[in-house]
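A quick write-up on the structure given underneath.
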Amino acid sequence: MARRIGNGNGNGNGSNGHSRPNPLKLAQTKMTAQMDALQGSQFWASVFRPGSIFRKGYTDSPRNRSYVIMNSVLYHLHPVKVKRHAVKVSYTLCLGGLSFFLFILLTVTGIFLMFFYRPTAAAAWSDIATLETSVTFGLMVRNMHRWAAHLMVISVFLHMARVFYHGAYKPPREFNWVIGVILLLLTLLLSFTGYLLPWDQLALWAVTVGTNMMGYTPVFGSQVRFVLLGSLEIGSDTLLRWYVLHVLMFPFVIVIFMAIHFWRVRKDGGLSGPL
Amino acid sequence: MAEVPEHLLERSRERRAALEGGGAAPPGDAGGSAGDDGDRIPGALLTGQVATAPAATAVATAPQSIAAAGPAGHTQRLLTVVKAGSIQDVKATPSDKVHVWPHLLVGELVASMAMTAFLLVFSAFVNAPLLALANFNQTPNPSKAPWYFLGLQELLTMFHPMVAGVTVPGVALVALGMAGYVDKNPSHKPEDRKFAIAMMTMFLMFWAVLVIIGSFFRGEGFNFILPWQQGVHEIFDL
Numbered sequence: 001m002a003r004r005i006g007n008g009n010g011n012g013n014g015s016n017g018h019s020r021p022n023p024l025k026l027a028q029t030k031m032t033a034q035m036d037a038l039q040g041s042q043f044w045a046s047v048f049r050p051g052s053i054f055r056k057g058y059t060d061s062p063r064n065r066s067y068v069i070m071n072s073v074l075y076h077l078h079p080v081k082v083k084r085h086a087v088k089v090s091y092t093l094c095l096g097g098l099s100f101f102l103f104i105l106l107t108v109t110g111i112f113l114m115f116f117y118r119p120t121a122a123a124a125w126s127d128i129a130t131l132e133t134s135v136t137f138g139l140m141v142r143n144m145h146r147w148a149a150h151l152m153v154i155s156v157f158l159h160m161a162r163v164f165y166h167g168a169y170k171p172p173r174e175f176n177w178v179i180g181v182i183l184l185l186l187t188l189l190l191s192f193t194g195y196l197l198p199w200d201q202l203a204l205w206a207v208t209v210g211t212n213m214m215g216y217t218p219v220f221g222s223q224v225r226f227v228l229l230g231s232l233e234i235g236s237d238t239l240l241r242w243y244v245l246h247v248l249m250f251p252f253v254i255v256i257f258m259a260i261h262f263w264r265v266r267k268d269g270g271l272s273g274p275l
Numbered sequence: 001m002a003e004v005p006e007h008l009l010e011r012s013r014e015r016r017a018a019l020e021g022g023g024a025a026p027p028g029d030a031g032g033s034a035g036d037d038g039d040r041i042p043g044a045l046l047t048g049q050v051a052t053a054p055a056a057t058a059v060a061t062a063p064q065s066i067a068a069a070g071p072a073g074h075t076q077r078l079l080t081v082v083k084a085g086s087i088q089d090v091k092a093t094p095s096d097k098v099h100v101w102p103h104l105l106v107g108e109l110v111a112s113m114a115m116t117a118f119l120l121v122f123s124a125f126v127n128a129p130l131l132a133l134a135n136f137n138q139t140p141n142p143s144k145a146p147w148y149f150l151g152l153q154e155l156l157t158m159f160h161p162m163v164a165g166v167t168v169p170g171v172a173l174v175a176l177g178m179a180g181y182v183d184k185n186p187s188h189k190p191e192d193r194k195f196a197i198a199m200m201t202m203f204l205m206f207w208a209v210l211v212i213i214g215s216f217f218r219g220e221g222f223n224f225i226l227p228w229q230q231g232v233h234e235i236f237d238l
C-alpha cells in the first residue's frame, strides 16, 4: 500500500502535467499511507494485542471476537461469550452495569472537585462557592457529581430489587448477594459522607441527625460517636475525617468489594437463567 | 446394553434350572425368568451366589452344581452391567451463547453514553443545592435527612433512637443478606415464589411509604401535616 502511494507521488512530481492532482485527495492518500505505516510499526503492534480492532488487518471472525475480550485488560472482566438472554436489556435493565458506570463517573468528577476543595471548616464552604462561580465547568462538574451520587443510590437499590425478583440471590449466588448488600451499604455511606463536605446548613444538620443516631449504638454508643466526629462536637476534625472516608477509604473498600462481586458473577455461572 | 459374556449366560441358565428343579426360586429372580430378551441381568449374578473366587472356603459354601471357573478358566465374576446413557450424558446440552464483543459491549457503550448525556443535560439545568454556611446557632426547621435516610428519620419519630437508628436498619441489612441462606425454595419462577416476593415487596413498600410520609407529610418541627391542606414543606434535601 505504502509503495503504491509512493509511486503515485513520484508520477505526480515527475509528470509536470497540465492536470494537477486534487490536493484534498492527495492529502487523504498521504494520511492513509501514514496511518498504514503507523499500524504496521512495531510500536503499534506492541500496544494493541492480537485481536484488537485497532490492529492492522482486523477482521470480524469468531477468533478475533474472542481475542478482543481476552487480550484487553478492561474487557476481560467479561467472559468471551455470555448466554444470549444475559445480553437482553429487558432482563438486567442495565442496572448493575449502570451502577458501576456511575461509580466511574463519580470518581472522575470527584477527582476534579478535589483540586478546588480544602476540608477545613474555614475554607470548605467558600471553596465550593468559588468553584461554582470562578472555575470553568466547576458548577457543571459539581452538579454532575451530586446527581450521579443520587442516581447511583437509586440504581444500586433497583439492581437489588431486580436481582431479588429474578431469584438470582439463590444458590450458588447466595454469597454474592451478601457482597451486594455490603455494596449497597457502602454506597449509602459514600453518599452520606459526601453530604457533609460542602459545610453548609444542609450538611451540618443532616450529619448532626445521623451521628446522634449512631450515638445510640448499644454499649459503644459514645465511642462510635466520637470516632465518627473526631471530637465531641461536629467541627473541622469531623470534616477532615469524613473527607478522608469519602475520597479514600470508602472508595478503596468499595472497589475491593466490587472486584469480588464481578468476579463472583462469573464464578457462580454468569447471570441467572431466564425465568 | 452391554454384551453379557456367553459363559456367564450359560452359567445363569444352569443355575436357574437347578433352582427350578429344587423348587424355591429366589424372590429377585421371579420376574426375569420368562420372555426376557437379555434386557435384564440374570438374577443369580446379582445375588452374588455365584462363587468364583479361587479361595477354597468360598467354593465350599456355594452350591456344588455351579462351576468354580468359566469355560476358559475365567475366575472373574460380573458385578453389574451399566447401560449406556444411564450415568453419562452422551449428548452435550447445547447452550445458546453470543460473543461479548460486539453483542454486550455495544449495549454497555450505548447505556453509558445515554447515562452521560442525561447527566450532562440534567446538570446543565438543575443546580446542586448549596445553602448558607454551616451555622451551629441556627437549626433549620424542619431539618430533614437525605431522601434515602428519611425512612430512618421517620422511624425516629416513633421509636427510641436505639431501635430506629441502630436496631431496625441493622436487622434489616442482616436479614437482607441472609435471604440466600434462609430461602430454601430452589425455584426461580415467580408463581412458585409468592411468599418471597410478597416479603420483599412489603419490605420495599415499608421504606417507600416511610420516605413518602417523611417527604410530603412532615412540616415544621417534623410534625405531621396534610400536604393538600398546609402545602408541601421542603420535600427533602438532595
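Top line first, the protein sequences correspond to chains Z and G. Each residue of the first sequence is one higher than the one before, counting from 1 in our numbering. Each residue of the second sequence is one higher than the one before, counting from 1 in our numbering. Ideal placement from N, C-alpha and C gives every residue a C-beta, glycine not left out. In this text the structure is predicted, and so the values were computed from the model without any measurement.
Asked, Found
"For His99 (chain G), report the span of its beta strand (DSSP E) as first-last.", "97-99"
"Nearest-angstrom Cα distance between Thr270 (chain Z) and Val100 (chain G)?", "Residue 270 (chain Z) is actually Gly in this sequence, not Thr. So the alpha carbons of these two residues sit roughly 12 Å apart."
"Does the distance from the C-beta atom of Leu93 (chain Z) to that of Leu158 (chain Z) stay below 9 Å?", "yes"
"Which of the three DSSP states is assigned to Arg49 (chain Z) in this structure?", "coil"
"Express the C-alpha separation of Gln28 (chain Z) and Pro21 (chain Z) in angstroms, rounding to a whole number.", "12 Å"
"Between Ile234 (chain Z) and chain G, is any beta-carbon pair separated by less than 9 Å?", "yes"
"Can Val361 (chain Z) and Thr187 (chain Z) be called in contact, C-beta distance under 9 Å?", "The shown model of chain Z, from 1 to 275, leaves out residue 361 (chain Z), and the question about it has no answer."
"In or out: Pro63 (chain G) buried (at least 16 other Cβ within 10 Å) or exposed?", "Residue confidence is low: Pro63 (chain G) scores 49 on pLDDT, short of 50, so the model does not pin down where it sits. No coordinate-derived value is stated."
"Over the uninterrupted beta strand (DSSP E) stretch that includes Val4 (chain G), give me the two end residues.", "Here Val4 (chain G) belongs to no beta strand (DSSP E), and DSSP marks it neither H nor E."
"Name the two residues that bound the continuous alpha helix (DSSP H) containing Lys25 (chain Z).", "23-40"
"Thinking Tyr195 (chain Z) and Pro146 (chain G) are a contact (beta carbons under 8 Å), I'd like their distance in whole angstroms, please.", "6 Å"
"Going by DSSP, what residue range makes up the beta strand (DSSP E) through Lys194 (chain G)?", "Taken as a continuous stretch (DSSP letters only), Lys194 (chain G) belongs to no beta strand (DSSP E), being part of the alpha helix (DSSP H) at 194-216."
"Below 7 Å on C-beta distance, what does Glu108 (chain G) contact in chain Z?", "Gly97"
"Within 8 Å, do at least three Cβ pairs link the segment 148-167 of chain G to the segment 210-222 of chain Z?", "yes"
"Contact between the segment 51-58 of chain Z and the segment 227-243 of chain Z is defined here as three or more beta-carbon pairs at a separation below 8 Å; is this criterion met?", "no"
"So, does the CB of Ala198 (chain G) fall closer than 9 Å to a CB anywhere in chain Z?", "no"
"Starting from the beta carbon of Arg173 (chain Z), find every residue of chain G whose beta carbon is closer than 9 Å, and list them in chain order.", "Gly180"
"What span of residues does the alpha helix (DSSP H) with Val82 (chain Z) cover, start to end?", "Counting along the chain, Val82 (chain Z) falls outside any alpha helix (DSSP H), though it belongs to the beta strand (DSSP E) covering 81-83."
"Using a Cβ-Cβ cut-off of less than 9 Å, give me the residues of the segment 136-167 of chain G that come near chain Z, in sequence order.", "Phe136, Gln138, Thr139, Pro140, Ser143, Lys144, Ala145, Pro146, Trp147, Tyr148, Phe149, Leu152, Gln153, Leu156, His160, Pro161, Met162, Val163, Ala164, Gly165, Val166, Thr167"
"Ordered along the chain, which non-local residues of its own chain (more than five positions away) have a Cβ less than 7 Å from that of Ala25 (chain G)?", "With a pLDDT of 44 at Ala25 (chain G), under the threshold of 50, the predicted position of this residue should be treated as unreliable, though the coordinate-derived value follows. Cβ neighbours of Ala25 (chain G) beyond the five flanking positions: Leu19."
"Just verifying my parser: in three-state terms, what is the DSSP assignment at Pro119 (chain Z)?", "coil"
"Name, going along the chain, the residues of the segment 110-126 of chain G whose beta-carbon falls closer than 8 Å to a beta-carbon of chain Z.", "Ala111, Ser112, Met115, Thr116, Leu119, Leu120, Phe122, Ser123, Ala124, Val126"
"With Gly110 (chain Z) and Phe149 (chain G) assumed to form a contact (beta carbons below 8 Å), what rounded beta-carbon distance in angstroms separates them?", "21 Å between Cβ atoms; not a contact."
"List the residues of chain Z that Lys189 (chain G) touches, going by C-beta distances under 7 Å, in chain order.", "Leu275"
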